[in-house]
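In the order they appear, the protein sequences are chains A and B. Residue numbers 56 to 456, in the working numbering, belong to the letters of the first sequence in order. Residue numbers 56 to 456, in the working numbering, belong to the letters of the second sequence in order. Note that the Cβ used here is the ideal one computed from N, Cα and C, for glycine as well. Read through the structure below, which is laid out as structure tokens, and then see the notes.
Protein chains: 2
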Amino acid sequence: MDKLDLIKDLSITNNTKMVMLVLDGLGGLGLEAGGKTELETADTPNLDLLAKSAALGMTDPMMTGITPGSGPAHLSLFGYDPIKYAIGRGALGAAGIGFNMQENDLAARINFATIDNSGLITDRRAGRISTDESSKLCELLAKIEIKNIKIFVKPVKEHRAVVIFRGAGLSDRLSDSDPQKTGLQAKKVIALDECAETTAILMNEFIHKAQNILVDKHPANTILLRGFAKKPGLPQMKDVYKLNAAAIAGYPMYKGLARFVGMEILQTGQTIREEFETLKTNFDKFDFFFIHIKATDSSGEDGNFDKKVNVIEEVDKNLALITDLKPDVLVITGDHSTPASLKSHSWHPVPFLLHSKYCRPDDVKHFGETSCLKGALGRFPALDIMPLIMANSLRLTKYGA
Amino acid sequence: MDKLDLIKDLSITNNTKMVMLVLDGLGGLGLEAGGKTELETADTPNLDLLAKSAALGMTDPMMTGITPGSGPAHLSLFGYDPIKYAIGRGALGAAGIGFNMQENDLAARINFATIDNSGLITDRRAGRISTDESSKLCELLAKIEIKNIKIFVKPVKEHRAVVIFRGAGLSDRLSDSDPQKTGLQAKKVIALDECAETTAILMNEFIHKAQNILVDKHPANTILLRGFAKKPGLPQMKDVYKLNAAAIAGYPMYKGLARFVGMEILQTGQTIREEFETLKTNFDKFDFFFIHIKATDSSGEDGNFDKKVNVIEEVDKNLALITDLKPDVLVITGDHSTPASLKSHSWHPVPFLLHSKYCRPDDVKHFGETSCLKGALGRFPALDIMPLIMANSLRLTKYGA
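Below, the structure written as structure tokens:
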């Protein structure tokens, strides 16, 4: 039995308010072996004060040793096993540019690429053309006409774009056209089951027409498609948790992920303070709030240790905007680690803080990687965060008599 | 999805060097309740120094409360779920005597046993005849001729031996002839599916011919066969982890287990120092090294607490031979616990140390059972050791976008 089914059976509603504050890529590493991490370096009097009456721990975003992308990491936070509920690359790409996929939509990732005169791929990234150039090409491709299909082509970054096909009966059981290697021809899109055969023909028609449009656009003289995906059919939070949930996020990707599980997306600004004020404004209207802070991750990805420290301190300075609302359950954590020293996501466990009337506090007085190891919650899968939040809000009934 | 499949998808190659040092049966118990374990009693300045910049933890070889044999315990260390990838007793027996099984081989465990005049078993162990006697009987049985089958019969210890049949089309879907009780006749070997029917006939022919040879060799006047097994078809480390792996072990069993997962077996001596020098000599030639120290386990099995302490101290004294090579990842642990007070393998978790540039060290300064409980890695399944090693050597790419 999937744990989600169990939660669905046990969940009830009440008047509690829950806040999950996610500092993307929160977990870090010291600049030298054994040195303080970004979070440990940051001056965080308010987080530390909260830690005194909270239960702390360390979460594994997926599995020991596995580094998750943003999609799987957030699915875990929302209580969805990312291995079971994989989101196709096309759908994730659509989410990333803020495209609101509908039930009938089929999305795919596009790479602009270079082919030579004999049709062999010489560069899978078209010399990393600028986003400006790619935007113009997307506009041209969006004019392609295929019978009964509405087509959206949107730039992502440099040579990367997303295409969304809207029409009845489209299937995502399709192979990629991208052979993932240079020196080869692009592959035909092939149906992976019978029901996808018509869609495969349409996809190859689209590629053929794109080819004709791009013929004189060297180095971006062709496209490669991969990761065909329909809107993921994820169980919705209102059904599983019986929650009226809202997301406060500045970046399209996280709004998209929240939308996939049925959260309402709240209008907000780009600063931490603005995000927290959005919570205040909407606090009466929803049960559950997911607040996403991006800058911890992006500064980690940039290898900017000091900036990551500053972002954490800014969260700390504004924390009263959340705590003054006295949510019944407040969780503060990350979706994964992004140590500045690695300039990338990593596999390391993530500091976790849970504050509620019933959290059974431990004697840990600081919010940091090393101190959280000694917390009441120990080391546990991020997949268990939502059940913990639900339990602490007294929204889960007893299992069995 | 099996985690091994996931690792296979995510693994990449680079130039890092990894060392897994396994002190067999490392985990222990105090001589009285609450007393220091063998590892805690040992004077280990070098291991403790390493611990200061390492991440520590405790591993469960299989599952809480389950005591593993050497086979399953090492499969866990190598990242193979020992429940899913069971190695048949015959194949484990062949590995244990250093027999290099080939694809077509079928192995089984032999017990020399005693039957009375009416063919009923009176002793399943033939009075525990000496290994010398058993060796002579094995030579006799090795002369048995069966059409198109080559037969190897090798002594193990006392009444125990191994037989390997080499020939095309042999199946291991066979029942045991050993009824596991005295007062009964030996059973016929029965085919467990249609494809095994010819093999069952051949096995019964072998037993019949053995019977005739042993008729006047009381108390070893018959044989009982069990654990028919072909060479286990384990995924190979070069495919799963994309590693060029080598094993440094003094005992045949561990060489055999390493061979099953595709490691190259390096020639080495019987002392700890010789094993570590073998690492040095071969350090340039492989990515990953498994070094196996047997004497911690055998002294534990003998109930010799002091000897086990001495072995651990000898490892510590020679540790610089490994650390001077500066492997990118160094793991020091056991395959299971073998407390001298129990004179056997046990279910207790095993101390674990991981040293790497990215290990996120904790504040634990000693390598021992009680201190490791407070380590950064917490308590975790031994099955996660290889993913951790791979992550710390930056050989695993991100899961999902």
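Where the alpha helix (DSSP H) through residue i begins and ends
i	result
Leu257(B)	252-269
Pro307(B)	307-315
Ile377(B)	375-378
Arg328(A)	327-337
Met445(A)	440-447
Asn359(B)	Taken as a continuous stretch (DSSP letters only), Asn359(B) belongs to no alpha helix (DSSP H), as it is neither H nor E.
His347(B)	Counting along the chain, His347(B) falls outside any alpha helix (DSSP H), though it belongs to the beta strand (DSSP E) covering 343-348.
Thr393(A)	Counting along the chain, Thr393(A) falls outside any alpha helix (DSSP H), and DSSP gives it neither H nor E.
Ile170(A)	Segment 160-170 is the beta strand (DSSP E) holding Ile170(A); no alpha helix (DSSP H) there.
Gly145(B)	144-151
Residue i versus residue j: straight-line alpha-carbon distance, rounded
i	j	result
Leu312(B)	Leu147(B)	8 Å
Thr336(A)	Pro116(A)	31 Å
Ser396(A)	Gly423(A)	17 Å
Thr99(B)	Gly112(B)	17 Å
Lys363(B)	Ala350(B)	7 Å
Gln235(B)	Ala241(B)	9 Å
Gly85(A)	Ala456(A)	49 Å
Thr253(A)	Asp439(B)	44 Å
Asn70(A)	Ile138(A)	33 Å
Lys420(B)	Leu104(B)	7 Å
Phe344(A)	Met441(A)	12 Å
Arg434(B)	Ala110(B)	12 Å
Tyr135(A)	Leu81(B)	38 Å
Asp187(B)	Ala163(B)	20 Å
Pro127(B)	Ser66(B)	24 Å
Asn159(B)	Asn373(B)	42 Å
Asp417(B)	Ala431(B)	5 Å
His273(A)	Asp60(B)	39 Å
Cβ neighbour criterion (16 or more within 10 Å) applied to residue i
i	result
Ala375(B)	exposed
Gly224(A)	exposed
Leu239(A)	exposed
Cys193(B)	buried
Tyr140(A)	buried
Val211(A)	buried
Lys198(B)	exposed
Glu330(A)	buried
Ser173(A)	exposed
Ala88(B)	exposed
Val270(A)	exposed
Thr326(A)	exposed
Arg144(B)	buried
Asp361(A)	exposed
Thr122(A)	buried
Ile256(B)	exposed
Ser108(A)	exposed
Lys340(B)	exposed
Asp383(A)	buried
Met73(B)	buried
Unbroken beta strand (DSSP E) run spanning residue i, endpoints
i	result
Asn101(A)	That residue, Asn101(A), is in no beta strand (DSSP E); its alpha helix (DSSP H) goes 100-107.
Pro436(A)	433-436
Met73(B)	73-78
Ser411(A)	405-411
Distance cut-off 7 Å: residue i Cβ against heavy atoms of the ligand FMN
i	result
Ala223(B)	With respect to the ligand FMN, the structure shown offers nothing to examine, as it has no ligands at all.
8 Å contact criterion, which residue i and residue j should meet: CB distance rounded
i	j	result
Thr177(B)	Ile170(B)	7 Å
Gly317(B)	Lys293(B)	6 Å
Gly83(B)	Leu76(B)	The Cβ separation is near 17 Å, so there is no contact.
Ala301(A)	Glu319(A)	5 Å
Glu369(B)	Thr393(B)	The Cβ separation is near 17 Å, so there is no contact.
Short-range partners of chain A found in the stretch 405-417 of chain B, where Cβ spacing is below 7 Å:
So the close ones are Lys412, Tyr413, Arg415, Pro416, Asp417.
Any C-beta of chain B within less than 8 Å: which residues of the stretch 417-429 of chain A qualify?
Glu424, Thr425, Leu428, Lys429
Going along the chain, which residues of the stretch 79-109 of chain A sit with their C-beta nearer than 7 Å to a C-beta in chain B?
Leu84, Ala88, Gly89
Using a beta-carbon distance cut-off of less than 8 Å, what residues from the stretch 428-450 of chain A approach chain B?
Leu428, Lys429, Gly433, Arg434
Please list, in chain order, the residues of the stretch 293-304 of chain B that have any C-beta partner in chain A closer than 7 Å.
Hits within the stretch: zero.
What residues in the stretch 379-397 of chain B have a beta carbon less than 8 Å from any beta carbon of chain A?
none
Give, in chain order, every residue of the stretch 132-157 of chain B whose Cβ lies closer than 7 Å to some Cβ of chain A.
none
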